[in-house]
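To start, the structure under review is shown below, and the notes come after it.
Numbering (the UniProt record's numbering), first residue to last: 1 to 100.
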């Protein structure tokens, strides 16, 4: 049996918006070893060996490649982790965030 809601019982519907998405881009340089790039892609961006190798080759040949597309907060966190690993390794690898 359906019940009518009184004005004090009315439900307020909130529109849930889609999250802001961002991609993490890795840029080519002449100094960072390919194995390091593959390691970052696997350990931070959760790519398997084949995916990481494919992205690394794209970066090598085209100058940049997409590490992944994530909700903004996650993309920002992954970017920070990758940059910290790069800094610790004292390598010049550059990564950037691109809002979609």
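C-beta atoms are modelled at their ideal positions from N, C-alpha and C, and glycine is treated no differently.
Rounded C-alpha distance that separates residue i from residue j
i, j, result
"residue 80", "residue 33", "20 Å"
"residue 61", "residue 69", "21 Å"
"residue 72", "residue 46", "17 Å"
"residue 20", "residue 51", "25 Å"
"residue 86", "residue 93", "6 Å"
"residue 57", "residue 78", "21 Å"
"residue 35", "residue 16", "41 Å"
"residue 48", "residue 91", "23 Å"
"residue 101", "residue 29", "Examination of residue 101 is not possible in this model, given that the chain is present from 1 through 100 alone."
Helix, strand or coil at residue i [DSSP, three-state]
i, result
"residue 82", "helix"
"residue 90", "coil"
"residue 76", "helix"
"residue 37", "helix"
6 Å Cβ shell around residue i - same chain, five flanking residues per side excluded
i, result
"residue 82", "40, 44 and 95"
Residues near residue i by beta carbon distance below 8 Å, same chain, minus five either side
i, result
"residue 25", "64, 65, 66, 67, 95, 96, 97 and 98"
Terminal residues of the beta strand (DSSP E) in which residue i lies
i, result
"residue 25", "21-27"
Residue i - containing alpha helix (DSSP H), residue span
i, result
"residue 17", "Taken as a continuous stretch (DSSP letters only), residue 17 belongs to no alpha helix (DSSP H), as it is neither H nor E."
"residue 59", "49-62"
Check: residue i C-beta below 6 Å from any heavy atom of the ligand ZN
i, result
"residue 73", "No copy of the ligand ZN occurs in the structure displayed, which carries no ligand at all."
Inter-residue CB distance, residue i and residue j (contact presumed, cutoff 8 Å)
i, j, result
"residue 89", "residue 22", "Between residue 22 and residue 89 the Cβ distance is about 24 Å, and since that is not below 8 Å, they are no contact."
Cβ neighbours of residue i in the same chain (closer than 7 Å, five flanking residues each side left out)
i, result
"residue 38", "52, 53 and 56"
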